[in-house]
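S.K.: Before I ask anything, let me first share the structure, which is written out below as structure tokens.
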Amino acid sequence: MAKLSFMAHAARLYLRIRYHGRTEKRLRAEMQKRLKNGDRPYRFPKYLHLHVSLRETELRGCRVYRLNEGAKSGTVLLYLHGGGYVHEISPFHWMAIERMATEADCEAVVPLYPLAPNAAWNRAYALLDALYRDLRSDPDRKIVLMGDSAGGGLALALCEYFQKKGMRQPDRLILLSPWVDLFTDHPESRRTPKRICS
Numbered sequence: 011m012a013k014l015s016f017m018a019h020a021a022r023l024y025l026r027i028r029y030h031g032r033t034e035k036r037l038r039a040e041m042q043k044r045l046k047n048g049d050r051p052y053r054f055p056k057y058l059h060l061h062v063s064l065r066e067t068e069l070r071g072c073r074v075y076r077l078n079e080g081a082k083s084g085t086v087l088l089y090l091h092g093g094g095y096v097h098e099i100s101p102f103h104w105m106a107i108e109r110m111a112t113e114a115d116c117e118a119v120v121p122l123y124p125l126a127p128n129a130a131w132n133r134a135y136a137l138l139d140a141l142y143r144d145l146r147s148d149p150d151r152k153i154v155l156m157g158d159s160a161g162g163g164l165a166l167a168l169c170e171y172f173q174k175k176g177m178r179q180p181d182r183l184i185l186l187s188p189w190v191d192l193f194t195d196h197p198e199s200r201r202t203p204k205r206i207c208s
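Adding 10 to a residue's 1-based position in the sequence shown gives its number in the numbering used here.
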């Protein structure tokens with residue numbers, strides 16, 4: 011059996027606490043409240059002390075964070091966070107992104123794309139199209155497009171979008187447990203997952 015790292019244990023505990031008791035009825039009520047009141051402005055966690063540079067910018071009314079600017083590799087990691095298209099980026103995302111940027115000696119660009127229910131897919135695409143075109147303005151820059159869960163599904167959909175637009179694809183595409191079946195109507199998604207880790 012695979013042994014989980016400390017970070018994997020911590021992330022699992024965080025998710026259990028965050029989503030404990032969230033029935034479909036409660037989630038619907040939460041989405042209705044957000045639809046009525048709007049999303050809260052994102053605040054970078056004050057307790058997170060990154061060991062790389064962090065700069066906040068804005069593009070099309072959305073925040074875009076740039077970590078480890080000035081890295082020597084000439085590669086940019088464009089990271090799309092998961093969260094079911096409704097939840098903001100988590101502290102564990104930031105820690106993982108910092109580690110990847112440090113170990114790969116690359117710049118990381120993290121757009122906080124618009125979330126449902128207050129935004130539809132086209133607003134996220136407009137942001138990511140503009141951001142990607144900006145990153146591609148340097149023809150020598152290598153772009154790694156990466157996403158987890160919903161962010162992985164979005165990254166894959168973006169590559170299809172880039173193809174239809176005749177745009178150059180990312181140099182690498184990395185998908186971590188991408189959510190690609192939004193209807194969850196595939197028979198395998200209905201099965202109870204087997205426990206693989208103790």
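Glycine included, every Cβ here is placed at the ideal spot set by N, Cα and C.
#1: Cα separation between E4 and P149?
#2: Three or more C-beta pairs closer than 8 Å, one from the stretch 101-115 and one from the stretch 131-151: is that the case here?
#3: For H97, which residues from the same chain have a beta carbon less than 8 Å from its beta carbon, with the 5 sequence-adjacent residues on both sides left out?
#4: Would you mind reading off the limits of the beta strand (DSSP E) that contains K2?
#5: In three-state terms, what does DSSP make of Y75?
#6: Compute the Euclidean distance between the alpha carbons of L166 and L77, then round it to the nearest angstrom.
#7: Does DSSP classify R65 as helix, strand or coil?
#8: How is the alpha helix (DSSP H) around P268 delimited, first residue to last?
#9: Distance, Cα to Cα, E117 vs G94?
#10: Whose CA, out of M177, L185, F193 and A136, lies closest to the CA of L69?
#11: Let me know if Y123 comes out buried or exposed under the rule of 16 or more other beta-carbons within 10 Å of its beta-carbon.
#12: Using the C-alpha atoms, what's the distance from K82 back to W131?
#13: Answer yes or no: do C72 and P127 have a C-beta to C-beta separation smaller than 8 Å?
#14: Under a Cβ-count criterion, where at least 16 other Cβ atoms within 10 Å of its own Cβ denotes burial, should F16 be classed as buried or exposed?
#15: If you drop the 5 nearest sequence neighbours on each side, which residues of the same chain put their C-beta closer than 6 Å to that of D181?
M.R.: The answer reads as follows:
#1: With the chain covering 11 to 208 only, the question about residue 4 has no answer from this structure.
#2: no
#3: L125
#4: The structure shown does not extend to residue 2, since the chain spans only 11 to 208, so no value can be given for it.
#5: strand
#6: 23 Å
#7: strand
#8: Because the chain spans 11 through 208 in this model, residue 268 falls outside it and cannot be assessed.
#9: 25 Å
#10: A136
#11: buried
#12: 34 Å
#13: no
#14: exposed
#15: K152 and I153
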